[in-house]
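For reference, each letter of the sequence shown is one residue, going 248 to 893 in my numbering.
Notes follow once the structure below has been shown.
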Amino acid sequence: MEHLELDNDDVEEHGVSVNINTSRERLLKLLSKKVKKRRTRSTSKNLHQQSEMQNDCDDTSLVVHKDKEPSTNFSVYKDSELVSMLRTVGLDTRGFSREVLIQNCKSYHELIIPPSPPDLDDDQAMSCPISSVIDSTILPAFTFEVPMYSNRFADQTSSTSNLPSLEHGRFSYPRPRPTTNLVPSKKNKGKAKEKSPPVSESEYQPSDTETIETNKGPQRIYMDSGVKVGGEGGRASGSAMKGTEQSCSQDPNKEAKNCNAEDQNSRPLEDKDRKLLHELKQQVDSLTHEVVTLNQIIKQHLNNKLEGDSKKKTKGGRTSAHIRFHIDTLLGRRSNDEVLPAPASATDKEKWGYDIDMDKLVYDPNALPLATDSADPCFPYEDGPGHEDSSPQQLAIMWQLMTMAGVSSFRPDFSLSATSCENKWLWDLALKIFVVLVECGEYQGVSLDAENQQFIKKCLNTHVQSLAKTYRQQVSWSPERKQLAAAEIRRGSRMRHLVERRSKFLLKEEIWPLLAIVKQTTSDDETDVEAAAENISNRNGLPCRVRKVLWRSSLLSDIWELVDKCIEKIDKSKPGQSSPRGRQRRPRTRINNGPRSRVEAASGLPNDCLDRSWLENLSPATKAGLEISTKPILAGLKERLQNLEA
């Protein structure tokens, strides 16, 4: 045994009592207890790593063989690579020659992780005790970082790429606290040892994945075979490396399984979200359709009102009554005359003064014609103006102005248009005479301002059209055609009143979506003895057969039948009157073999309002012309009406 030759006085000064037979190992052990080592500055990270390291290395001795010379040959690297390696350890290399750079690299070889050698042949690669060639295409997307204490257990560790943290500029920003332990623990045993630790969100960098995917060259990991790391969790033996290689080779499959598991876990949430979005979309579409329908109903109501005010024939009112009386007086019609007078003869037309300016026709109260010795004072002029309710003053003014215009008998040709040359001149003369009579105060309550003059012209045109229609019916229509026309007028009136009653009911019962189609889908009717109805004094008992609408769906027909029953129920619930006012409504009866309706299918109707069998028989062009809406509106309306009718 080798003994140490030390002075006993020097050793005893440190409180260690020895003799000449004390061995070297005993002496070193005793001295190590008395020597106070300088402690490094502790950080939270170092304390955490040291505590984990003590737990792993308590029961196992650590043996490290340190070489005096670095095993890396730095002379094979270029000057720029040497400068880059020295800068990573914080050394300023400005002004250094190549020899100085190599010498400093050898001095700081423990702190330097050299890049892959530029010319590394197969013999050098095979000389390494432990090596593994891992294709970058099968590596998982994580960053391998070397712990700070790894230099104690390995003499050298080489990598084919630079430090990832330096490549991606991670030192430019403060590093967040890691969420996983970098030091292996005793808990990672058995199957748990093969599982890779989860990558925290704070350490994930998208550029890392790009670097691994673009790096297609092989990577080699060099480790010293003489290094033995104590502890089960930190043992870096050949078998451990083999297990690491196996786990790395299995990582892609595991990642695929993990991705599939995550997809399966996320699918229920995605399906639920997709279902909620679908329901929300349906509700929004339904609400949008209701708003569009309501807007359509309002526009339709306003348009009907405006069109009715502008296009309908003017009836009633003081001005219109004066116009009708004025024209009958000019024609000289008696109350019992049903036939309009014949047009003027050619001789009479030659006397008409077409070149006379109507504005210059002014009556002279001092030159009014004297009353004739006619037996009838209401018709003093032969074929001239006259009426049972006219005054002598009115007739005198009319006759004076007609004589000034060369007209002895007011006889327009009703078989021609009112805008024809002869008829237009006569109607302008009639309007001029009417204005003069208003100025004389014969027609009370009529204003002659600019706005009312346009209204007077409108009332005159309406009455002229009515007279022309009556004349055509008298001359060209047979008695049978006249009866059919009268029946058609009554049928249209019944249908119009039915639409009005249904519209009022739909507004009150809050089933307003049907208002958009009530006019287009209401069927017409007819009576069994429509032609003989004129000769029957009490026509209220005649039933009306409802015509069958072939294009209308059965659901819509049932809905309108329920609406009519609800209206009838409401009418019966009202308190009765002793004497009903007006003509009573005829009962409407529905039969299977009823006559075909003449109401055509309107464009823009919803698809549930049309019969499917009828649609199948249509051509594609006809279907396209109907512009059928895909939004149904009849859902739930039948059940609501059944509850009201019950």
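Glycine is no exception: its CB is placed at the ideal position from the N, C-alpha and C atoms.
Given the structure is predicted, the values throughout are model-derived calculations rather than measurements.
- Counting along the chain, the unbroken alpha helix (DSSP H) around Cys-668 starts and ends at 668-686.
- Distance from Cys-856 to Ser-801 at the Cβ level is roughly 11 Å; contact not present, criterion being Cβ atoms closer than 8 Å.
- Between the segment 532-539 and the segment 666-673, the count of C-beta pairs closer than 8 Å stays below three; the two stretches do not touch.
- By the C-beta density criterion, Gly-337 is exposed, having fewer than 16 other C-beta atoms within 10 angstroms.
- Ranked by Cα distance from Pro-624, the options Val-609, Leu-862, Gln-640 and Leu-884 are led by Gln-640.
- Between the segment 572-586 and the segment 633-651, the count of Cβ pairs shorter than 8 Å is three or higher; the stretches touch.
- Note: Arg-835 is bridge-paired with Cys-791 in the DSSP secondary-structure output.
- The segment 832-849 makes contact with the segment 764-772: 3 or more CB pairs, one atom from each, lie closer than 8 Å.
- The count of Cβ pairs closer than 8 Å, one atom from the segment 641-656 and one from the segment 717-729, stays below three, leaving the stretches out of contact.
- Contact annotation: Arg-658 and Asp-584 have beta-carbon atoms that are not nearer than 9 Å.
- Leu-516 is classed as exposed because its beta carbon has fewer than 16 other beta carbons within 10 Å across all chains shown.
- Taking a contact as a CB-CB distance under 8 Å, the pair Asn-839 and Pro-879 does not count as one, their CB atoms being some 26 Å apart.
- Spanning the alpha carbons of Tyr-610 and Pro-616 requires a straight line of approximately 11 Å.
- A direct Cα-to-Cα measurement between Leu-884 and Glu-815 gives close to 18 Å.
- Of the other Cβ atoms in all chains shown, 16 or more fall within 10 Å of the Cβ of Pro-632; this residue is therefore buried.
- Taking all protein chains shown into account, Ile-267 has fewer than 16 neighbouring C-beta atoms within 10 Å of its C-beta and is therefore exposed.
- Excluding residues up to 5 positions away in sequence, Phe-681, Ile-703, Cys-706, Leu-707 and His-710 lie with their Cβ nearer than 8 Å to the Cβ of Ile-570 in the same chain.
- Taken through DSSP and simplified to helix, strand or coil, Asp-772 comes out as strand.
- The straight-line gap separating the alpha-carbon atoms of Lys-795 and Arg-843 is approximately 5 Å.
- In the structure shown, Arg-843 falls within a strand segment according to DSSP collapsed to helix, strand and coil.
- Your pair Thr-540 and Pro-760 checks out as a contact, with CB atoms roughly 5 Å apart and the cut at 8 Å.
- Taking all protein chains shown into account, Tyr-601 has fewer than 16 neighbouring C-beta atoms within 10 Å of its C-beta and is therefore exposed.
- Contact check for Leu-873 against Leu-803 fails: the beta carbons are separated by 9 Å or more.
- Per DSSP, Thr-877 is not a residue of any alpha helix (DSSP H), being assigned neither H nor E.
- The three-state secondary structure of Leu-857, taken from DSSP, is strand.
- Nearest neighbour of Leu-676 by Cα position, chosen from Phe-661, Met-651, Glu-698 and Leu-527, turns out to be Met-651.
- The three-state reading of DSSP puts Arg-799 in strand, counting E and B together.
- Cβ-Cβ separation between Arg-748 and Asp-772: approximately 14 Å, too far for a contact (criterion under 8 Å).
- DSSP places Pro-726 inside the alpha helix (DSSP H), whose first and last residues are 726-755.
- Short of 8 Å from the beta carbon of Ser-582, and not among the five residues preceding or following it, lie these beta carbons of its own chain, in chain order: Glu-635.
- The C-beta distance from Ile-359 to Thr-340 rounds to 13 Å, too long to meet the 8 Å contact threshold.
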